[in-house]
Amino acid sequence: MSNKQLADIFYTIADILEIEGVNWKPVAYRKAALSISTLSGDISDYYKNGKLERIEGVGEGIGKKIIEYIKTGKVEKYEELKKKYPIDFDSLRQVRGLGPKKIFSLYKSLGIKNIDDLREAVSKHKLRELEGFGEKTEANLSNTLASVVESTEKRVPLGFMLESAENLVSELRRSGLFNKVEIAGSTRRMKETIGDLDILATSNKPEEAMRFFTKMKEVSDVLVSGPTKTSVELKFGLNCDLRVVEDESFGSAMQYFTGNKEHNIKLRRIALSKGLKLNEYGIFRGDKKVAGESEEGVYSYLGLDYMPPELREDTGEIEAAQVHQLPKLVQYEEILGDLHTHTNDSDGADSLGELVSEAKKIGLKYIAVTNHSYSLRVSKGLDDKRFEALNRRIEALNGKENFSVLKGVELEILKDGSLDLSSKTLLGMDFVIGALHQNISNDRKTNTDRLIKAIESGKLSAIAHPTDRIIGERPPINLDLDKVFEACEKNDVMLEINGYPTRSDLPFDLVKRASKYRVKFSLGSDSHRLAHLRFLRLATAIARRGWLTKKDVINTLTYEQIIKLKR
DNA sequence: GCCGTTTTCGGCCCGACTGTTTTCAGTCG
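Each residue of the first sequence is one higher than the last, beginning at 361 in this note's numbering.
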């Protein structure tokens with residue numbers, strides 16, 4: 361049972377209802393499906409807590425079907441519809457260019473039920489005869505099918521491609537063909553993973569500019585090309601849309617293409633309720649354009665405070681902006697140091713000296729060196745004695761050239777919740793991050809009790825990457841997070857926001873949830889080599905996406921202030 | 001089927017591109 365399976369059921373119900381010509385219900389089912397597939401916790405937890413109808417797009421009817429699914433593993437309405445239309449919508453939907461109408465048309469005329477049937481029909485050139493299809497469509501489908509397997513759900517962690525994206529934009533700017541070029545979309549919102557790259561530009565020579573873009577060395581294929589919109593496939597494994605708009609519409613276009621979709625839809629509803637029309641070209645009263653040149657102008661005309669892109673997820677920011685209650689988010693420049701790094705004393709690639717000089721170079725004021733403790737053998741964890749020696753080396757470096765190093769450890773929390781180093785060693789540390797790395801596939805209570813025992817030890821400064829998820833590899837471990845947050849509040853233990861791209865942990869929605877408790881957050885890059893220090897920026901982005909302010913984040917404190925926080 | 005400063009009925013975001021068709025339906029974001 362999973363959120364995704366349930367979401368797929370609702371997507372399929374939506375597709376079938378659309379085929380049958382039913383109005384609006386498909387919209388409702390899709391909306392619910394989207395909400396469910398992007399939920400942070402398991403859907404059955406929402407049911408247990410009586411919060412099903414708090415999920416956006418879930419009302420009485422869909423709520424009943426969710427309960428039916430949780431209790432029986434099935435949704436009767438779905439089973440009925442599937443009997444009538446035995447089509448594998450889940451996989452066919454993934455094929456670019458196929459929507460419910462075309463899928464049904466293929467089924468009705470050729471009996472195509474799944475991807476294999478489709479492959480065969482395409483290879484026998486059967487599609488070109490069908491009404492509404494043609495040779496071009498058949499050829500496009502043939503191309504798409506060749507890559508359909510690897511292309512499904514290929515979201516990439518933001519941190520791994522942010523620099524490439526920024527380089528691409530710099531290259532466009534250097535061409536001299538554009539007036540403005542900016543990154544939009546989920547990259548601008550600093551979402552933890554991105555599915556494609558959106559770039560927005562203005563130009564006096566749009567055709568020439570588009571041609572330049574399609575010929576760039578980073579481009580491997582051109583998917584769509586028009587005067588205002590061009591989509592390409594990039595060699596570093598992402599699709600990229602470039603849109604060119606007029607300068608006078610740049611603000612509303614930035615707003616529109618930054619999203620997210622739900623945020624935009626809500627904005628348009630607000631515009632409608634004020635007798636206005638909002639689109640990517642501006643705000644219009646009748647035919648008269650009343651805003652659109654700047655993004656601030658768009659929000660302010662709708663009676664809203666300006667919202668930093670990181671907040672635009674439709675998780676309450678619009679409502680807060682209406683009553684001027686948006687938080688003043690922690691700024692990237694306010695982060696003075698990195699509180700999670702490794703050297704080659706455990707599993708890092710570089711020496712203490714190299715790490716320190718690189719950190720200084722990029723403008724940090726301090727770092728905590730937090731190597732692994734003894735029991736994490738695969739990472740060459742240090743025992744009490746080796747930490748003692750390392751800490752002497754750190755002390756010798758300290759305070760020189762306006763830079764400081766905190767003596768730290770990423771400490772293994774053992775199977776029974778006890779700690780991996782002696783109390784004496786831990787008391788000599790400036791920053792202790794407790795972590796679960798091993799024996800983590802236990803039940804919820806076992807995991808939660810183990811972590812809480814460590815939190816109550818009085819020896820921890822923070823919990824490292826609290827959910828332990830690895831994006832694309834493994835789901836979060838089974839934990840009662842509210843109990844964990846509560847224990848952190850009681851025992852003055854911080855929560856880490858780990859900016860390493862495949863961790864991004866805590867995730868932003870849980871940061872927001874945790875901040876309802878009186879807890880502080882520590883940011884760390886989890887650097888294992890010099891180039892990783894840049895991931896501190898991503899941890900800051902998650903903090904901002906989780907609505908944190910300067911006072912919530914201890915990396916805004918100076919070294920002297922942090923060591924005074926000692927346990 | 002959902003939802004509410006349009007509030008328990010009557011709306012539901014909006015435009016670009018493509019391919020097929022010759023004025024538009026389907027798909028996508």
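A virtual CB, placed ideally from N, CA and C, is assigned to each residue, including glycine.
If you're wondering where the values come from, they're calculated on a predicted model, not measured in any experiment.
| query | result |
| --- | --- |
| DSSP-derived helix/strand/coil call for Phe881 | strand |
| CB-CB length for His825 against Asn858, believed under 8 Å | 4 Å |
| Contacts around Leu377, its chain only, beta-carbon distance under 6 Å, and the 5 residues preceding and following it disregarded | Lys385 and Pro386 |
| For Ile857, the residue or residues it bridges with in DSSP | Leu883 |
| For Lys540, three-class secondary structure by DSSP | strand |
| Residues bridged to Ala651 [DSSP beta-bridge criterion] | Ile643 |
| Opening and closing residue of the beta strand (DSSP E) in which Ala561 lies | Asp556 to Thr562 |
| The stretch 899-906 / the stretch 686-697 touching (three or more Cβ pairs under 8 Å) | yes |
| Integer-rounded CB distance, given that Glu428 should sit under 8 Å from Glu329 | There is no way to answer for residue 329, as the model of the chain reaches only from 361 to 927. |
| Burial state of Ser864 (16 or more Cβ within 10 Å) | buried |
| Residues of its chain near His623, where Cβ-Cβ distance is below 8 Å and the 5 sequence neighbours each way are ignored | Arg672, Glu673, Asp674, Glu677 and Ile678 |
| Environment of Asp886 [buried if 16+ CB atoms lie within 10 Å] | buried |
| Where Asp375 falls, given that 16 or more other Cβ within 10 Å makes a residue buried | buried |
| Local conformation of Asn527 per DSSP, three classes | helix |
| Contact under 9 Å by Cβ, His700 with Ile793 | yes |
| Selected residue, minimal CA-CA separation from Asp869, among Val418, Lys551, Leu602 and Ser817 | Lys551 |
| Buried or exposed by the 16-neighbour rule on C-beta atoms within 10 Å, applied to Pro867 | buried |
| The stretch 468-475 touching the stretch 442-458, judged by at least three CB pairs closer than 8 Å | yes |
| Chain-order list of residues whose beta-carbon lies under 6 Å from that of His311 (same chain, five-residue window excluded) | The requested residue 311 is not part of the displayed model; the chain covers only 361 to 927. |
| Identity of the residue in Ala561, Ile373 and Asp912 nearest Thr590 by Cα | Ala561 |
| Chain-order list of residues whose beta-carbon lies under 8 Å from that of Leu908 (same chain, five-residue window excluded) | Pro687, Leu689, Val690, Val871, Ser875 and Phe881 |
| Outcome for Ser612 when other beta-carbon atoms lying within 10 angstroms are tallied against a minimum of 16 | buried |
| Inter-residue Cα distance where the pair is Phe895 and Ala499 | 42 Å |
| Residues near Gly832 by beta carbon distance below 7 Å, same chain, minus five either side | Thr862 |
| Gln921 CB to nearest heavy atom of the ligand FMN below 8 Å | Within the structure as shown, the ligand FMN is missing, as the structure has no ligands at all. |
| Assumed close pair Gly788, Asn751 - CB separation to whole angstroms, cut-off 8 Å | 6 Å |
| Gly421, buried or exposed, once every other Cβ within 10 Å from all chains shown has been counted against 16 | exposed |
| Pairwise C-alpha distance: Gly777 and Leu786 | 15 Å |
| Contact check, Met521 vs Leu602, beta carbons under 9 Å | no |
| Three-state secondary structure assigned by DSSP to Arg585 | Note on residue identity: the sequence assigns Ser, not Arg, to residue 585. Of the three classes helix, strand and coil, the one that applies to Ser585 here is strand, per DSSP. |
| Touch test, the stretch 766-775 against the stretch 733-744, Cβ-Cβ under 8 Å, three pairs minimum | yes |
| Delimiting residues of the alpha helix (DSSP H) encompassing Ser546 | Gly545 to Arg548 |
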